[in-house]
Amino acid sequence: MNAVGPKLVIATHNEGKLREIRALMAPFGIECLGAAELDLPEPEETGTSFVANAELKARAAADLAGLPALSDDSGLSVDALNGEPGIHSARWAEDEAGKRDFGHAMQKVEEALQAAGPESGRDAHFTCALSLAWPDGRIESFEGKVFGHLVWPPRGDNGFGYDPVFVPHGHEETFGEMEPAAKHAMSHRAKAFEQLVQWLAT
5 MNAVGPKLVI ATHNEGKLRE IRALMAPFGI ECLGAAELDL PEPEETGTSF
55 VANAELKARA AADLAGLPAL SDDSGLSVDA LNGEPGIHSA RWAEDEAGKR
105 DFGHAMQKVE EALQAAGPES GRDAHFTCAL SLAWPDGRIE SFEGKVFGHL
155 VWPPRGDNGF GYDPVFVPHG HEETFGEMEP AAKHAMSHRA KAFEQLVQWL
205 AT
């Protein structure tokens with residue numbers, strides 16, 4: 005079995021992501037430490053893909069903490085917007101003061117879709133890249149996706165980010181309306197995590 009160790013740094017300052025990853029890691033008895041708990045800085049995301057950004061963040065956290073680190077880079081890609089906001093999903097949420105407001109981000113996506121016209125459709129998907137890095141430089145990455153469509157106005161108070169406007173294929177509820185366990189069973193993060201678990205078991 006590929007070893008992680010008793011402690012794992014979760015290289016995110018996003019409380020929603022931290023909650024979800026802790027819930028996914030709970031069955032394995034691994035203590036998950038958030039980057040904020042360790043006063044780790046947020047590195048600038050200069051990669052051109054989800055995997056590149058996840059690896060950048062995981063390597064930085066592992067180097068600084070001296071522990072294995074798991075990083076998530078994820079986002080919403082909208083077909084009619086040529087894949088935007090994509091790796092810039094968090095950036096779309098930044099207001100003029102630099103604070104993240106996903107209500108603002110969802111409004112921007114909706115306005116862009118309205119400008120694109122109804123014939124462009126509302127298909128979208130979430131992508132999650134997970135990277136696991138060790139202080140010695142080893143790194144493994146995994147990627148999961150979930151496909152669906154966007155609705156307006158936003159629905160539901162569960163989840164985080166763009167969850168209230170995303171309905172996965174085969175369902176009627178948004179991720180924002182689903183109970184966390186239902187979302188965890190099918191989400192992009194769960195699919196990437198499943199690959200990670202399979203790798204750990206080998």
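When we follow our numbering, the leftmost residue of the sequence shown carries the number 5, and every step to the right adds one. For every residue, glycine included, the Cβ atom is placed at its ideal position computed from N, Cα and C.
Problem - Straight-line gap, residue 87 to residue 154 (C-alpha atoms, nearest Å) - result: Counting from 1 along the sequence shown, the entry for residue 87 is found at position 83. Counting from 1 along the sequence shown, the entry for residue 154 is found at position 150. Here the alpha carbon of residue 87 sits roughly 13 Å from the alpha carbon of residue 154.
Problem - Classification of residue 172 by the beta-carbon crowding that lies within 10 angstroms, buried from 16 upward - result: By one-based count along the sequence shown, residue 172 stands at place 168. Answer is buried; the Cβ neighbour count reaches 16.
Problem - Continuous beta strand (DSSP E) stretch holding residue 200: start and end - result: Residue 200 sits at position 196 when you count from the first residue of the sequence shown. Residue range 192-204 is occupied by the alpha helix (DSSP H) that includes residue 200, with no beta strand (DSSP E) assigned at that position.
Problem - Segments assigned alpha helix (DSSP H), at least 4 residues, entirely inside the region 37-71 - result: Whole alpha helix (DSSP H) segments, 4+ residues: 54-69.
Problem - Assigned secondary structure, residue 82 (DSSP; H/G/I helix, E/B strand, else coil) - result: Residue 82 sits at position 78 when you count from the first residue of the sequence shown. Of the three classes helix, strand and coil, the one that applies to residue 82 here is strand, per DSSP.
Practice task
Spell out a yes or no on whether the region 136-144 and the region 63-83 are touching, meaning 3 or more CB-CB pairs, one atom from each, closer than 8 Å.
Solution key: With the rule of 3 Cβ pairs closer than 8 Å, the region 136-144 counts as touching the region 63-83.
Problem - Contact the region 104-113 vs the region 40-56: 3+ CB pairs below 8 Å - result: Because the criterion of three Cβ pairs below 8 Å is not met, the region 104-113 and the region 40-56 do not touch.
Practice task
Please say whether residue 39 and residue 58 have beta carbons closer to each other than 7 Å?
Solution key: Translated into positions along the sequence shown, residue 58 becomes position 54. Translated into positions along the sequence shown, residue 39 becomes position 35. Residue 58 is not a Cβ neighbour of residue 39, given a cutoff of 7 Å.
Handout entry: Sequence-distant residues of the same chain with beta carbon closer than 7 Å to residue 22, five excluded per side
Key = Start at 1 with the first residue of the sequence shown, and residue 22 comes out as number 18. For residue 22, where only same-chain residues beyond five positions count, the Cβ hits under 7 Å are 14, 16 and 38.
Handout entry: Status (buried if at least 16 other CB within 10 Å, exposed otherwise) for residue 176
Key = Translated into the one-based positions of the sequence shown, residue 176 becomes position 172. Classification of residue 176: exposed, given that the 10 Å Cβ count is below 16.
Practice task
Please report how far the alpha carbon of residue 5 lies from the alpha carbon of residue 117, in whole angstroms.
Solution key: Position 1 of the sequence shown, counting from 1, holds the residue named residue 5. Position 113 of the sequence shown, counting from 1, holds the residue named residue 117. Below a pLDDT of 50, predicted positions are generally treated as unreliable, and residue 5, at 47, falls in that range; no measurement from the model is reported.
Practice task
Give me whichever residues DSSP pairs with residue 73 in a beta bridge.
Solution key: Locating residue 73 in the sequence shown gives position 69, counting from the first residue. Its beta-bridge partners are 13 and 137.
Handout entry: Inter-stretch contact (C-beta, 8 Å, three-pair minimum) for the region 182-196 and the region 24-38
Key = These segments touch.
Handout entry: Per-residue burial, residue 206 [other beta carbons within 10 Å of its own, 16 or more giving buried]
Key = Position 202 of the sequence shown, counted from the first residue, corresponds to residue 206. Exposed is the call here.
Handout entry: Residue closest to residue 10, alpha-carbon to alpha-carbon, out of 48, 42, 46 and 73
Key = The sequence position of residue 10 within the sequence shown is 6, counting from 1. Comparing Cα-Cα distances from residue 10 to each of 48, 42, 46 and 73, the minimum goes to 73.
Practice task
Report the three-state DSSP secondary structure of residue 128 (helix, strand or coil).
Solution key: The sequence position of residue 128 within the sequence shown is 124, counting from 1. If DSSP states are grouped into helix, strand and coil, residue 128 belongs with the strands.
Handout entry: residue 163 versus 183, 70 and 113, residue with shortest Cα-Cα distance
Key = Numbered from 1 along the sequence shown, position 159 holds the residue referred to as residue 163. When each option's Cα is compared against that of residue 163, the closest is 183.
Handout entry: First and last residue of the uninterrupted alpha helix (DSSP H) at residue 153
Key = Start at 1 with the first residue of the sequence shown, and residue 153 comes out as number 149. No alpha helix (DSSP H) holds residue 153; the beta strand (DSSP E) holding it covers 143-154.
Practice task
Kindly list the residues whose CB is nearer than 6 Å to the CB of residue 112, restricted to its own chain and excluding five residues on each side of it in sequence; keep chain order.
Solution key: Residue mapping note: residue 112 aligns to position 108 of the sequence shown, counting from 1. Only 96 meet the Cβ criterion.
Exercise for the section: Give me the Cα-Cα distance between residue 213 and residue 141, rounded to the nearest whole angstrom. Expected result: This structure cannot settle anything about residue 213, because the visible part of the chain is limited to 5 through 206.
Handout entry: Unbroken alpha helix (DSSP H) run spanning residue 113, endpoints
Key = For this step, residue 113 is matched to residue 109 along the sequence shown. Residues 106-120.
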